[in-house]
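Numbering (our numbering), first residue to last: 118 to 849.
Okay, structure first, notes after.
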RNA sequence: GGGUGCUUAGCUCAGUUGGUUAGAGCGUCUCGUUUACACCGAGAAGGCCAGGGGUUCGAAUCCCUUAGCACCCACCA
């Protein structure tokens, strides 16, 4: 056998990142991300076990950030690993219409460019514009997901607002409506006067604020308030029943006193909700605009009056101040009180928290309003159930279902500590307000006609029906994601094969928003858990450890890093050293380090190839050869075991060190002598065989972590070691 | 007010069920042009694993406690 001359080496000393797009195209064209193709091409057995995972759909509000990149890297590792192991593997992509966030964004753009509001351009036109924006955003996101190397099944792509998913939403709504779990009621809601919509409890962000605390003279009492502009209608004065300072006042006493706009009659109310140590221990209440006040008012059947309208302006009750926005009204009112001698004193530097709409909206004003709710504490008869410990026909509440599947262990949360967080949230959960007064999203499938109400998946027959103008909370549709993407409510083999999904991988920040809602929807609607495992990754933070967010503008562009260091390096930097549930601080140094590792993998393989000369001579292995092979086998076992328990971090770390500091530094070095001018052909063959075998094995193990370099190296490997055309589907 | 996490080498962080001299990347220092790789190799310095107490033959790891930081939840006017 004529040895190759080393200068004819087929490979450069550097792996060429520019070829990543070409490699991705090969994967895509192969169709191997689609389990049906894998079966057809006999890469996967028909009877193979399924492995399924849904991609948490990115919002179509912009571009991918590093957090998405971490998520894609982690999931792709799981998916590639399971596919290579021969499982019937599917990873389902999609995007989320993110109703309020997207509309808010587009409204902002329109207002900036044209100075027009949504009311100026109208419902249909606004939706058209949003769809246009969403489409662009979608295309960018998809191309970014591909850049990361995601071996995702594009043939199954879904959108939370597409036709199939919309049917799912209407079906879900109707089922819940018919079961009495969805109801319409006037309740206290979080109203955003800026976006003109309600917001769920979970979408509120509390911001610390310092503001003056005003002490006002209310007849014989002094009351403290941070919001004097809400006090016009106050006609109840509340104190703790066992507060000795006010024992002379009895519950129900009427007191005539002079107030902002003239004399009023105040009624004394005794209620234990009062904190005696706060201020003077006395307060007046504004039930319409405060949840605590509302509860007190409900307990004693007190009057409730609206003082602030939905755009944030004072109403008739405010007398001379009516029509003025609360922000402008405050100083005027304080001034008037001062003149009337109603202002006792002002305490500066009082810190409290203000509720804001985290989706780019304004300051929340609690309001009482008719809305649609999901009743989480109402009993219903469970439909066909495959959930362990829940029987078909059993009486349960949604809250009980959500709790049960975690306590029973049917869903396993990694890391475990988040179970506690989850339970805490469930225990505090109130009925879920699902209606929004924005226009982009799933319209509430309820129609009205002269007092008649009809809920259905389609508009009722006959003329004169008018559909409810409200749209649904975006999480209502994403809650269906694990099964709506598999074809539900229609029967489908995808659903039969892949539900419940194997694992849900997402950031811990949307445990409540999304994970909990999927559990609610899936257990109720399909009688199954949505997934068997929940793997929560940490948040990728900036240099100061702050959460990266579009609104803060501190996002790192993962594409920039991919351009300079390659996708594999970025993937490794985001996965290795990141323990589940712990935050990841992104630094370019780390990426550079892993880029060097990519080069190492490239060059070590190159060396092995340069010394690979097939021959008929039987290799004669030395003791060290056998030891080296044995050591690799051990690494293989460890990596497999770690990946099985979703410890990508550990598996990656082990591989990294093995490949670099054992295989490259020790094994390769120790064979150099034997490969060069060795008269003992059997010994040389042994050396080259050991190197080739370990290389092949290592490339397979490394592939889920760094698919581009490994696939690229694989192309140069001799055909006789390959079982398939792409490393992507080589047997593990 | 409840809850969770973090505090380990100069910097950024790993260390799953407690087990021999505590690890990585980057940085620092010394040496090195050898059949791949300088995006490299060989080696070195650098740590009372936040403080205190306890359990144990043995603790970075388990328990208690103190402090600082971060985050989550909650109706304090």
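Every residue, glycine too, gets a C-beta built ideally from N, C-alpha and C.
Nothing here was measured: the structure is a model prediction, and the numbers come from that model.
Beta-carbon separation (whole angstroms), residue i vs residue j, contact threshold 8 Å
i	j	result
residue 700	residue 656	5 Å
residue 804	residue 792	5 Å
Spatial distance of residue i from residue j (CA atoms)
i	j	result
residue 607	residue 620	23 Å
residue 764	residue 498	40 Å
residue 144	residue 845	8 Å
residue 240	residue 582	19 Å
residue 602	residue 282	7 Å
residue 141	residue 266	7 Å
residue 617	residue 496	24 Å
residue 167	residue 466	60 Å
residue 777	residue 721	9 Å
residue 444	residue 547	30 Å
residue 383	residue 507	53 Å
residue 544	residue 199	36 Å
residue 337	residue 295	53 Å
residue 412	residue 388	10 Å
residue 587	residue 226	23 Å
residue 185	residue 439	48 Å
residue 399	residue 357	8 Å
residue 775	residue 615	35 Å
residue 531	residue 741	40 Å
residue 529	residue 691	23 Å
residue 695	residue 480	36 Å
residue 332	residue 319	32 Å
residue 288	residue 476	27 Å
residue 194	residue 693	12 Å
residue 150	residue 820	15 Å
residue 349	residue 237	34 Å
residue 139	residue 264	11 Å
residue 593	residue 286	8 Å
Which of helix, strand or coil DSSP assigns to residue i
i	result
residue 821	coil
residue 631	helix
residue 243	helix
residue 488	strand
residue 647	coil
residue 292	helix
residue 169	strand
residue 607	coil
residue 561	coil
residue 125	For residue 125, the predicted model reports a pLDDT of 38, less than 50, meaning its position is unreliable; a value from the coordinates is still stated below. Looking at residue 125 - three-state DSSP - the assignment turns out to be helix.
residue 826	helix
residue 592	helix
residue 299	strand
residue 847	coil
Exposed unless 16 or more other CB atoms sit within 10 angstroms - verdict on residue i
i	result
residue 307	buried
residue 646	buried
residue 205	buried
residue 850	Since the first and last residues shown for the chain are 118 and 849, residue 850 lies out of range.
residue 796	exposed
residue 652	buried
residue 228	exposed
residue 224	buried
residue 688	buried
residue 404	buried
residue 470	exposed
residue 208	buried
residue 323	exposed
residue 234	exposed
residue 732	exposed
residue 242	exposed
residue 368	exposed
Residues bridged to residue i [DSSP beta-bridge criterion]
i	result
residue 483	307
residue 354	385, 401
residue 379	376
residue 155	Paired residue(s): none; residue 155 is not in a bridge.
residue 497	513
residue 208	170
residue 621	651
residue 584	564
The ligand MN heavy atom lying under 7 Å from the CB of residue i
i	result
residue 312	Ligands in the displayed structure: none, and consequently the ligand MN is not present.
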